[in-house]
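In the numbering used here, the protein residues as written are 3 to 121.
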């Protein structure tokens, strides 16, 4: 699966449309010189991508479970979060990534405080 993702991204990469995600940066570095191209083999890139994916998912899962735990310990925070979510709009409309960043300031504060608490 990772081999497929890496090869598709490498084939589709156009210099004018470079993305700023992990895999795009590594693929761009791979093409920078012969030594790096030799070092970053397709198998190595697949393993690196898989490791990065696993590390990110574990961190995300831990952060989310910590937010849920801490909110559950503070009913006043839960109440305010639910009010913010309910005020968002129609229940059948899912928030976009942009909505989550701009229209949920209290949720963002809860996330930030959780990260601060965990460090």
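The beta-carbon is built from N, C-alpha and C at its ideal position, and this holds for glycine as well.
Here the structure is a predicted model, which means the values were calculated and not measured.
* Given residue 49, which residues of its chain have a CB within under 6 Å of its CB, disregarding the five upstream and five downstream residues? -> So no residue of the chain qualifies.
* Could you check what DSSP says for residue 77 in three-state terms: helix, strand or coil? => If DSSP states are grouped into helix, strand and coil, residue 77 belongs with the helices.
* Helix, strand or coil for residue 31 per DSSP? -> DSSP places residue 31 in the helix class (H, G or I) of the three-state scheme.
* Asked: What is the rounded straight-line gap between the Cα of residue 103 and the Cα of residue 110?
  -> Approximately 7 Å, taken between the alpha carbons.
* Do the CB positions of residue 90 and residue 54 come within less than 8 Å of each other? -> The Cβ atoms of residue 90 and residue 54 do not sit closer than 8 Å to each other.
* Asked: From residue 2 to residue 57, what does the alpha carbon distance come to, in whole angstroms?
  -> Lying before the first or after the last residue shown, residue 2 is absent from the chain, which here runs from 3 to 121.
* Between residue 114 and residue 36, what straight-line distance do the alpha-carbon atoms span, to the nearest angstrom? -> Cα to Cα, residue 114 sits roughly 42 Å from residue 36.
* Quick one: using the 10 Å Cβ neighbour count with 16 as the cut-off for buried, is residue 70 buried or exposed? => The residue is exposed, with fewer than 16 neighbouring Cβ atoms inside 10 Å.
* Taking the Cβ atom as the reference point for each residue, do residue 92 and residue 105 lie within a distance shorter than 8 Å? -> For residue 92 and residue 105, no; Cβs fall outside 8 Å.
* **Classification of residue 73 by the beta-carbon crowding that lies within 10 angstroms, buried from 16 upward** => With 16 or more other Cβ atoms within 10 Å, it is buried.
* Asked: DSSP state of residue 94, grouped into three classes?
  -> Residue state, collapsed to three classes: coil.
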